[in-house]
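The sequence shown begins at 1 in the UniProt record's numbering and counts up by one. C-beta: ideal position from N, C-alpha, C; glycine also. Some notes on the structure that comes next.
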Amino acid sequence: MGNAIRYLKKIIGELDPDQQEQDVKKFLCEEIDRFIRERITVTDQAIAELASNQIKDGSVVLTYAKSSIVEKTILQAHANGKRFRVIVVDSRPLFEGKKLAISLMNAGVEVEYLPFSGIAHAVKEATLLLLGAHSMLSNGRLQSRVGTASVAMQAHKAHIPVIVCCESVKFSGKVALDSIVLNEVAPSEELLLPKPPARGPQPSPDRKDNEDEDEGQLRSLHDWKDIKGLQILNLMYDITPADYIRMVICEYGNVPPSSVPAVHRLANEGM
1 MGNAIRYLKK IIGELDPDQQ EQDVKKFLCE EIDRFIRERI TVTDQAIAEL ASNQIKDGSV
61 VLTYAKSSIV EKTILQAHAN GKRFRVIVVD SRPLFEGKKL AISLMNAGVE VEYLPFSGIA
121 HAVKEATLLL LGAHSMLSNG RLQSRVGTAS VAMQAHKAHI PVIVCCESVK FSGKVALDSI
181 VLNEVAPSEE LLLPKPPARG PQPSPDRKDN EDEDEGQLRS LHDWKDIKGL QILNLMYDIT
241 PADYIRMVIC EYGNVPPSSV PAVHRLANEG M
């Protein structure tokens with residue numbers, strides 16, 4: 001996002017102040033469309049072509065949550081006639097992986113859908129981990145949906161290659177060592193489960209025995225703002241160390257995480 005904003009600011013700074021407002025608006029809209037087409041749409045197709053070569057007949061592809069570029073890569077490999085299956089690991093509160101699983105199944109891909117707690121089972125079968133990116137940082141670390149680092153760590157420990165698919169427009173000159181420096185906080189309410197319906201006989205209002213136990217069982221986190229000392233933190237992203245990543249696939253080819261700064265300078269020179 002930062003590279004796109006810098007590009008737009010650069011274009012605006014080069015505009016002739018004497019131009020008509022309508023002409024300026026038309027020009028900017030055309031430039032934005034061109035940027036999306038050249039740096040995202042066409043790039044995604046090129047990355048999908050490159051990354052699909054990593055999927056072989058008999059592969060078991062593991063992925064986490066939902067990434068559009070990972071989805072395109074898997075569909076491209078399937079269109080190329082390769083026979084493989086996919087394990088989608090998902091987590092609450094967004095359950096993005098459910099959408100990916102449905103999309104792949106509709107295309108005829110064999111899919112296994114697991115909750116986040118099933119990572120240990122997934123890595124026993126997987127031969128490849130494909131991940132999308134929110135950003136590739138200058139120190140080679142990956143910023144992606146929270147939970148990605150845990151999945152990558154499990155895959156790395158199991159000697160499964162971890163491959164990140166990422167457009168160069170998402171390469172960043174920033175550095176982060178943890179998930180606190182660069183992150184976004186989603187609404188805490190997203191982590192709250194719906195209140196379950198009341199079942200069975202309810203305790204009498206004047207009942208005194210086991211009062212503390214009943215209160216502990218019936219109290220709901222929906223009133224968490226009234227609970228002293230409790231704060232619910234819903235982080236959007238986490239940071240995956242470069243040591244866990246085998247390669248990064250972008251429109252310039254397959255590069256190691258250590259080459260992210262060089263590709264960033266090459267791709268975004270002049271912005």
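So residue i and residue j are in contact, right, with Cβ under 8 Å, and what is the actual spacing, rounded?
| i | j | result |
| --- | --- | --- |
| C165 | G132 | 6 Å |
| H156 | Q143 | Actually they are not in contact, since the Cβ atoms of H156 and Q143 sit about 17 Å apart, beyond 8 Å. |
| M153 | V260 | Wrong, their Cβ atoms sit about 20 Å apart, outside the cutoff. |
| S91 | G147 | 5 Å |
Closest to residue i by CA distance: which of the options is it?
| i | options | result |
| --- | --- | --- |
| N254 | I163, T148, N139, G147 | I163 |
| V86 | D57, R92, L94 | D57 |
| A4 | R145, V260, E167 | E167 |
| F84 | D44, V181, T127, E49 | T127 |
| P115 | A101, G108, N106 | A101 |
| L230 | S188, T41, A107, R145 | S188 |
| I40 | H159, E21, S68, Q22 | S68 |
| I160 | I32, K225, R246, K72 | R246 |
| V42 | V169, H264, I12 | V169 |
| I36 | Q20, L8, L15 | L8 |
| R145 | V185, R6, I227 | V185 |
| N106 | A120, K124, R6, E71 | E71 |
| T63 | D178, E125, N183 | E125 |
| T73 | L177, S103, L94, D23 | S103 |
Kindly identify the DSSP beta-bridge partner or partners of residue i.
| i | result |
| --- | --- |
| D90 | P115 |
| L62 | I87, L129 |
| T240 | L142 |
| I245 | None; I245 has no bridge partner. |
| G253 | C250 |
| L235 | V185 |
| E110 | R85 |
| M136 | L142, F171 |
| V162 | L129 |
Any chance the CB of residue i is under 7 Å from a heavy atom of the ligand MN?
| i | result |
| --- | --- |
| L191 | The ligand MN is absent from the structure shown, which contains no ligand whatsoever. |
State yes or no: is the C-beta of residue i within less than 8 Å of the C-beta of residue j?
| i | j | result |
| --- | --- | --- |
| A51 | G97 | no |
| V61 | L130 | yes |
| T240 | A122 | no |
| V89 | V151 | yes |
| F171 | A267 | yes |
| G173 | S138 | yes |
| I232 | L191 | yes |
| G140 | P17 | no |
Original post:
Counting pairs of Cβ atoms below 8 Å between the region 22–29 and the region 225–236, do you hit three or more?
Top reply: The way I'd put it, the region 22–29 doesn't touch the region 225–236; fewer than three beta-carbon pairs between them come closer than 8 Å.
Subject >> Segment contact, 8 Å Cβ cut-off, at least three pairs: the region 45–55 with the region 70–85 >> reply: Three or more beta-carbon pairs separated by less than 8 Å link the region 45–55 to the region 70–85, which places the two stretches in contact.
**OP:** For the region 40–47 and the region 249–265, state whether three or more C-beta atom pairs, one from each stretch, are separated by less than 8 Å.
**Re:** At 8 Å Cβ cutoff, the stretches touch.
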